[in-house]
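These notes concern the structure reproduced below.
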Amino acid sequence: MDVNEIIDRARDSINVKRVYGEAIQQDGITVIPAALVAGGGGGGGGEGPALQQAGVEGEALKGSGSGSGFGLKARPAGAFVIREGNVTWVPAVDVNRIVRGAQLLAGTAILLFGINRLLSARRSARLLRRVWG
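For the sequence shown, position 92 matches number 157 in our numbering, and the numbering has no gaps at all.
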């Protein structure tokens with residue numbers, strides 16, 4: 066598979082169908098799911114003579130090369146809900162993201178509390194040394 070073929074496949078992968086899902090209709094309500102999609106790719110190439118092989122005089126290695134890569138990330142963002150001609154946006158709630166944020170906040174608070182306790186203990190020890198010599 067050459068680099069151009071991979072780039073063509075990547076371009077086909079990032080399209081509106083990855084962002085907006087198929088509309089779902091039931092009981093007069095239409096739901097259109099939406100996602101956040103990001104992608105990227107890269108390629109390489111090469112050819113030409115390489116440096117001479119170490120230890121063997123007069124013998125040159127043939128040059129060549131190739132390489133490519135692609136990544137795609139998608140996560141739910143929410144859905145558009147159409148009911149009686151009115152469109153509303155219902156965001157997707159990522160509970161794992163909320164929990165990670167709470168853990169990060171709690172960890173930061175514990176770290177700051179520990180640093181504060183350490184500094185106040187050092188201040189107290191310094192004050193006692195001054196008073197009692």
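Glycine included, every Cβ here is placed at the ideal spot set by N, Cα and C.
Spatial distance of residue i from residue j (CA atoms)
{"i": "Gln168", "j": "Phe178", "result": "15 Å"}
{"i": "Arg191", "j": "Gly136", "result": "57 Å"}
{"i": "Glu112", "j": "Ser131", "result": "9 Å"}
{"i": "Gly172", "j": "Pro141", "result": "27 Å"}
{"i": "Asp77", "j": "Glu87", "result": "17 Å"}
{"i": "Asn161", "j": "Leu183", "result": "33 Å"}
Top-ranked residue by Cα proximity to residue i, from the options
{"i": "Gly107", "options": "Ile180, Arg74 and Arg83", "result": "Arg74"}
{"i": "Glu70", "options": "Leu193, Ser133 and Gly143", "result": "Ser133"}
{"i": "Gly128", "options": "Ile180, Gly110, Glu87 and Ala103", "result": "Gly110"}
Expected contact under 8 Å - CB spacing of residue i and residue j to nearest Å
{"i": "Ala157", "j": "Val102", "result": "Their Cβ separation, rounded to whole angstroms, is 14 Å, which puts Ala157 and Val102 out of contact at 8 Å."}
Can you check the region 127-156 for any beta strand (DSSP E) of at least 3 residues that lies completely inside it and give the ranges in chain order? 133-148 and 151-156
Assess, as a yes-or-no matter, whether the region 91-109 is touched by the region 145-153 under the definition of 3 or more beta carbon pairs within less than 8 Å. yes
Please specify which runs of the alpha helix (DSSP H), each continuous and at least 4 residues long, are wholly inside the region 73-97, giving them in chain order. 81-84
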